[in-house]
Amino acid sequence: MCLLKKMFLPLGDDDRDRHITPIVNYLFIILNIIAFVWWQDLGNNISVTMGYSTVPAEILSGHDIVTGAKILHDPITGESIRMPGLEPTPIPVYLTLITSMFMHGGIAHIAGNMLFLWILGDNLENVMGHWRYFIFYLLCGILAGLSHVISASFLNQSTLVPSLGASGAISGILGGYILLFPRRAVRVWFLLGIISLPAFLVVGIWFVFQVINGMGMLGGNEAEGGIAYAAHIGGFIAGLFLVKLFVRKVEVVPVKRKSFW
2 MCLLKKMFLP LGDDDRDRHI TPIVNYLFII LNIIAFVWWQ DLGNNISVTM
52 GYSTVPAEIL SGHDIVTGAK ILHDPITGES IRMPGLEPTP IPVYLTLITS
102 MFMHGGIAHI AGNMLFLWIL GDNLENVMGH WRYFIFYLLC GILAGLSHVI
152 SASFLNQSTL VPSLGASGAI SGILGGYILL FPRRAVRVWF LLGIISLPAF
202 LVVGIWFVFQ VINGMGMLGG NEAEGGIAYA AHIGGFIAGL FLVKLFVRKV
252 EVVPVKRKSF W
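Okay, here's the thing in structure tokens:
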């Protein structure tokens, strides 16, 4: 499954019908990059990363939680790894549902997220307008974060494991995209070449990844990749249900000649 994910990479879509400059989408991309490079110091600033990420236990209790570092021992390699603890959060803990949306765990993490945002976000901004898209993005991200919090609480996963990243909000964009543009052609790198596939297939494959991996976590593999799959699924569902509320009524979304078929 992991190998297939690496061989299946979206590269672009048909956006010839776009008539506005997606300045909000560009702004989100810039903010994510600035936050990772400058604020997080490429992920090396542990105080920021552990202090402004979303921690389910903090959201559930409404109080900041600080924990000490732990030494984990790998039974296979025999190596000891120091895992940092939760750092003080200088803001109300509920605001971490927003700050965590602009932080990432590594270069690969932010690169993948920004690629999806660059390719798909402009299409939604085009039919929503700038301010509607701005609110839609943040709302999907917040609901995705809450999905992770609820999942961790009710499925007996650790509520002290922080989550971060734009994946939840971008999952909302994917949900909105597949509903509005199911047949639009998306160019993907697959195996050794570039092919065009309908959006419902590309996004559908992505969603299957999330469900399968999420089911693995339900089975007890709580720390797989450090990825909050519940947030991905929750954000996707939020995008599906909310997107029609944010589309401007003057827009005619289906453009058949731009579609895959």
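Numbering (our numbering), first residue to last: 2 to 262. The C-beta atom is built at its ideal place from N, Cα and C for all residues, glycine as well.
Am I right that residue i and residue j are in contact with their C-beta atoms under 8 Å? What's the rounded C-beta distance?
i      : j      : result
Val150 : Ile60  : 5 Å
Asp14  : Arg184 : Not confirmed; about 11 Å, so no contact.
Gly122 : Val94  : That pair is no contact at about 28 Å.
Asn351 : Asp16  : The chain is shown only over 2 to 262; residue 351 falls outside these bounds and no answer can be derived.
Pro11  : Gly52  : About 33 Å; that fails the 8 Å criterion.
Checking 8 Å against the spacing of the C-beta atoms, do residue i and residue j come in under that value?
i      : j      : result
Ile196 : Val189 : yes
Ser48  : Leu165 : no
Ser148 : Ala36  : no
Val209 : Ala200 : no
Gly146 : Gly240 : no
Val67  : Leu87  : yes
Ile136 : Asn33  : no
Ala170 : Tyr134 : no
Asn26  : Leu118 : yes
Gly236 : Leu161 : no
Judging by CA-CA distance, which residue of the options is the nearest neighbour of residue i?
i      : options                           : result
Ala58  : Ala170, Gly166, Gly169 and Gln158 : Gln158
Gly1   : Ile66, Leu43, Leu98 and Val209    : Residue numbering for the chain in the displayed model covers 2 to 262; residue 1 lies beyond these limits and cannot be assessed.
Thr50  : Arg83, His233 and Phe103          : Phe103
Leu181 : Gln41, Lys245, Ala153 and Gly236  : Lys245
Gly173 : Leu32, Trp207 and His20           : Trp207
Phe29  : Ser168, Lys250 and Leu43          : Ser168
Arg249 : Gly236, Val128, Leu192 and Phe237 : Val128
Val56  : Ser101, Gly44 and Gly235          : Ser101
Ala229 : Ile120, Phe247, His105 and Phe191 : His105
Pro85  : Pro163, Leu116, Ile24 and Pro23   : Pro163
Give the straight-line distance between the Cα atoms of residue i and residue j, rounded to the nearest whole angstrom.
i      : j      : result
Leu140 : Gly69  : 32 Å
Arg258 : Ile108 : For Arg258, the predicted model reports a pLDDT of 44, less than 50, meaning its position is unreliable; a value from the coordinates is still stated below. Roughly 37 Å separates the two Cα atoms.
His131 : Asp18  : 16 Å
Trp40  : Asn46  : 8 Å
Gly194 : Val203 : 15 Å
Ile72  : Arg83  : 5 Å
Ile21  : Ile120 : 15 Å
His156 : Leu243 : What sits at residue 156 in the sequence shown is Leu, not His. The straight-line gap from Cα to Cα measures roughly 26 Å.
Phe191 : Ala153 : 34 Å
Gly44  : Leu116 : 19 Å
Ile247 : Asp42  : Contrary to the premise, residue 247 reads as Phe rather than Ile in this sequence. Distance between the alpha carbons of Phe247 and Asp42 is about 35 Å.
Glu126 : His233 : 20 Å
Ile238 : Val38  : 30 Å
Asp65  : Leu198 : 46 Å
Under a CB-based cut-off of 8 Å, is residue i close to chain D?
i      : result
Val162 : Judged by its chain identifiers, the structure shown contains no chain D, having just a single protein chain.
Using a 10 Å radius around the Cβ and a threshold of 16 neighbouring Cβ atoms, would you call residue i buried or exposed?
i      : result
Ile31  : exposed
Ile24  : exposed
Glu80  : exposed
Met218 : Caution applies to Met218, whose pLDDT of 44 falls short of 50 and renders its modelled position unreliable; the value that the coordinates give is listed next. When all chains shown are included, Met218 counts as buried.
Please confirm whether any heavy atom of the ligand GDP lies closer than 7 Å to the CB of residue i.
i      : result
Met129 : In the structure on display, the ligand GDP does not appear, and there are no ligands present to speak of.
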